[in-house]
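Count along the sequence shown from 1, add 104, and you get the number used in the working numbering.
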Amino acid sequence: MDTTLPAVTAYSPMQKRLHWAVVILLALQYLFFDGMGRPFHQLMEGQDAWTTTVVIHLAIGVLVLLAALWRLSLRRSHGVPEEPEGTPARAKLASKAVHYGIYALLVILPISGSVAWFGKIGTPAQVHEILTNVLLALVGIHVLAALVHQFVWKDNLLLRMK
């Protein structure tokens, strides 16, 4: 049975919605609900650490995990468009690495955070904090690359996520 997908020229509407939903969720998480250090230390000391910030942070983490898994499923079933014509080979390789890194972290971060919080374990919390910074760096690279495509190479890559 042939399992190859036909060539895809655009992301599906659901892929686009999930992409932008994750962008919004991550922005909310980083800008407003990232203050988990103090509550985590309180939790580790046996104190009540449940605050609105904690509940929202955990809820956003679950939503990001579910959206990432859904996106991976859609990626597998629907495929993704090829890189624009003329994209340098190194840029294509870097794109794959950054995308896979982002997807991996969108799965690993909610899991490591949940293990840390509900298991009251410090090491996963440290891993979570480090990997959060790695995700932020990869997202920055992703955004810069999209801008290079749009304004330097002028290949209209950004239209694929519109």
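Glycine included, each C-beta is placed from N, C-alpha and C at the ideal position.
Considering only heavy atoms of the ligand ZN, does any lie closer than 6 Å to the CB of residue i?
| i | result |
| --- | --- |
| Tyr207 | The ligand ZN is absent from the structure shown, which contains no ligand whatsoever. |
Using a threshold of 7 Å, state whether the C-beta atoms of residue i and residue j are closer than that.
| i | j | result |
| --- | --- | --- |
| His232 | Ala241 | no |
| Val165 | Pro214 | Position check: residue 165 holds Gly in this sequence, whereas Val was assumed. Their beta carbons are under 7 Å apart, which means Gly165 touches Pro214 by this criterion. |
| Val238 | Leu210 | no |
| Lys171 | Ala208 | Sequence check: residue 171 is Ala here, not Lys. No; because the gap between Cβ atoms is not below 7 Å, this pair is not in contact. |
| His161 | Met265 | no |
DSSP three-state call for residue i: helix, strand or coil?
| i | result |
| --- | --- |
| His123 | helix |
| Lys258 | coil |
| Met105 | With a pLDDT of only 47 at Met105, under the threshold of 50, the placement of this residue in the model should not be trusted; the figure read from the coordinates follows. In the structure shown, Met105 sits in coil (DSSP, three-state: anything other than H, G, I, E or B). |
| Val112 | coil |
| Pro191 | According to the sequence shown, residue 191 is Thr rather than Pro. Looking at Thr191 - three-state DSSP - the assignment turns out to be coil, as it is neither helix nor strand. |
| Ala220 | helix |
| Ala131 | helix |
| Phe137 | coil |
| Ala153 | coil |
| Lys266 | coil |
| Pro117 | helix |
| Pro214 | helix |
For residue i, which residues of its own chain have a beta-carbon under 7 Å away from its beta-carbon, when the five flanking residues on both sides are left out?
| i | result |
| --- | --- |
| Ala250 | Leu261 and Leu262 |
| Ile225 | Val219 |
| Val252 | none |
Kindly indicate the opening and closing residues of the alpha helix (DSSP H) around residue i.
| i | result |
| --- | --- |
| Val168 | Thr156 to His182 |
| Pro143 | Gly141 to Met148 |
| Val231 | Gly226 to Leu251 |
Within its chain, find whatever has a CB closer than 6 Å to the CB of residue i; leave out the 5 residues flanking it on each side and keep chain order.
| i | result |
| --- | --- |
| Ser216 | Pro228, Val231 and His232 |
| Val202 | Leu242, Ile245 and His246 |
| Ala153 | Pro143, Gln146 and Leu147 |
| Ile128 | none |
| Val158 | Pro143 |
In its own chain, which residues sit with a C-beta less than 8 Å from the C-beta of residue i, not counting the 5 before and 5 after it?
| i | result |
| --- | --- |
| Trp257 | Pro188, Gly190 and Thr191 |
Are at least three pairs of beta-carbons, each pair with one atom in the region 178 to 191 and one in the region 123 to 137, less than 8 Å apart? no
Three CB pairs or more closer than 8 Å across the region 169 to 180 and the region 114 to 131: yes
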